[in-house]
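The sequence shown maps to residues -33 to -1, 1 to 337 in mature numbering (1 follows the signal peptide of the UniProt record, and there is no 0). For glycine and all other residues, C-beta sits at the position ideal for the given N, C-alpha and C. Worksheet for the structure shown next.
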Amino acid sequence: MRAATHPARLAQGAVVTTLALSMCAMVAVSANARDGGSALIPALVPGAVQVERARAGAVDVAGDAIEVAETVQAEGAQVAIDAAQLEALEAATDRLDQLLVEATGDVRVEDRGASRSGEREEKVVAAATPAPVDPSAPIDPASVFEQTPAPAPVPLVPPTTGKEDETTAELREAVAAVATLTTTVRQSAEVKRAADAAAAQAAAQAAAEAAAAQAAADAAAQAAAAQAAQRAAWKQSLLGYANGKIPDSALCGVSFDASVRLRCDAAEQLDVLNTAYRAQFGSDLVVSDSYRSYAGQIACKRTRGYLCATPGTSNHGNGIAVDLGGGIDSFGTKQHRWMAAHAPDLSWGLPSWAGSGGSKPEAWHWEYLG
Ligand SMILES: [Zn+2]
């Protein structure tokens, strides 16, 4: 661990040892003075002890400050905060490290710098290997802070009550600079972490919404394809029957009139057309005739003559024609105009021969053209 091997700690031990030896020497010298020895040295020693003690304290704090700064530096690098903030903190830490070397004097700057750089890389590598995360799980931004342990305080060198040397003053100043920049980097890292978590949550939510939209689109496409296939099957369903010879079981009804019988796709679309018609006029389509059997066509011809087709040729016998009333049976009415405008959307229309300019105008006769 960093604390066990940091040169500052070793240097600090040397200073404390020196301090202890100095105090022993002071006691020894004082004893000598009482015994009539030199009186010059004892007068200098108390001041020197204060200076040594202050410096030892500053060295201790400086080592702790570097520890905290390097940890925060690694955290800031991991979440990629503003590079200028990281560079400023690193420069201040290097400056403090250099002062520490000068104060303890037993480790060369290049060696310490190389060692520290190596440790920083180790920390960054360790920090950059996060635990596996389930990308589909929603991220709670608050959890980022819950998982982050309470940050270590950034130490400061306290003011000296007695004497201190220039090295101690410089260490205090350098530690304060490191502390300020460490706090800045730490705050930036927290903000960045929260922003990253929020962005990840937003991305996950967007992905979930996109997936849901895609699933809905797929389902709609499947339903449309199934409906188209059904219509195609219905369109083929009566091919085996002669005109007017279709069993009732092969035909379909509509929801708004129990008497209507049609080929199933024609019936389905007439139901949709009726819904739109009712929304416009407040009443259902009036259907006076739909499928007409061969016998029915003979009877029609007999009773209505010119108005009925030759038996076996009418599309009423194929289950794809209706005769409509309720205003649609006259050209120029609002109901007829509405049908002419909207029925083609559902594959229903007035055949050209039945139009107002056709060979046999019949405003009431509409056919399914799908
Ligand atoms: Zn007709």
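For a test of your reading of the model: does the CB of A288 fall under 8 Å from any non-hydrogen atom of ligand 1? Yes or no. yes
R139 - DSSP class collapsed to helix/strand/coil: helix
Going by C-alpha to C-alpha distance, which of G211, K212 and L229 sits closest to C219? L229
Per DSSP, the bridge partner or partners of G316: G316 pairs with E334.
Could you give the DSSP three-state label for C275: helix, strand or coil? Coil, per DSSP.
Kindly indicate which residue of D132, T150, G129 and R139 has the alpha-carbon position closest to the one of V121. T150
When E57, K202 and A246 are compared against A234, the one with the closest alpha-carbon: Ranking the options by Cα distance to A234, first place goes to K202.
Classification of L206 by the beta-carbon crowding that lies within 10 angstroms, buried from 16 upward: exposed
Taking 8 Å as the cut-off, does the stretch 269 to 282 touch the stretch 290 to 309 (at least 3 CB pairs, one atom from each stretch)? no
Report yes if the C-beta distance between A32 and V142 is below 9 Å; otherwise report no. The answer is yes: Cβ separation under 9 Å.
Buried/exposed call for Q197, threshold 16 Cβ in 10 Å: exposed
Give me, in chain order, the residues of the same chain whose beta-carbon lies closer than 8 Å to that of D132; leave out the 5 immediate sequence neighbours on both sides. V18, A21 and R22
Cβ contact (3+ pairs, closer than 8 Å) linking the stretch 234 to 252 and the stretch 266 to 273: no
Let me know if A330 comes out buried or exposed under the rule of 16 or more other beta-carbons within 10 Å of its beta-carbon. buried
With a cut-off of 8 Å on the beta carbons, I'd call V26 and T71 a contact; round off their distance for me. Yes, V26 and T71 are in contact; Cβ-Cβ is about 6 Å, under 8 Å.
Could you tell me if E54 is buried or exposed, where buried requires 16 or more neighbouring beta carbons within 10 angstroms of its beta carbon? Classification for E54: exposed.
How is A209 classed by DSSP in three states: helix, strand or coil? DSSP, read as helix, strand or coil, puts A209 in coil.
When you measure from the CB of residue 338 to every non-hydrogen atom of ligand 1, does any distance come out below 8 Å? Outside the shown range of the chain (-33 to 337) lies residue 338, about which nothing can therefore be said.
Suppose contacts are defined by Cβ-Cβ distances below 9 Å. Is H332 in contact with P311 by that definition? no
Beta strand (DSSP E) segments (min. 3 residues) lying fully within the stretch 215 to 283: DSSP runs (the beta strand (DSSP E)) wholly in the stretch 215 to 283: 254 to 256.
What residues are listed by DSSP as bridge partners for D290? As computed with DSSP, D290 is found in a beta bridge with D256 and H332.
If you draw a straight line from the C-alpha of V124 to the C-alpha of A166, how long is it? 40 Å
Answer yes or no: the CB of H303 versus the heavy atoms of ligand 1, is any distance below 8 Å? No heavy atom of ligand 1 is found nearer than 8 Å to the CB of H303.
Quick check on Q264: buried or exposed, where buried means 16 or more other Cβ atoms within 10 Å of its Cβ? Here Q264 is buried. Its C-beta has 16 or more other C-beta atoms within 10 Å.
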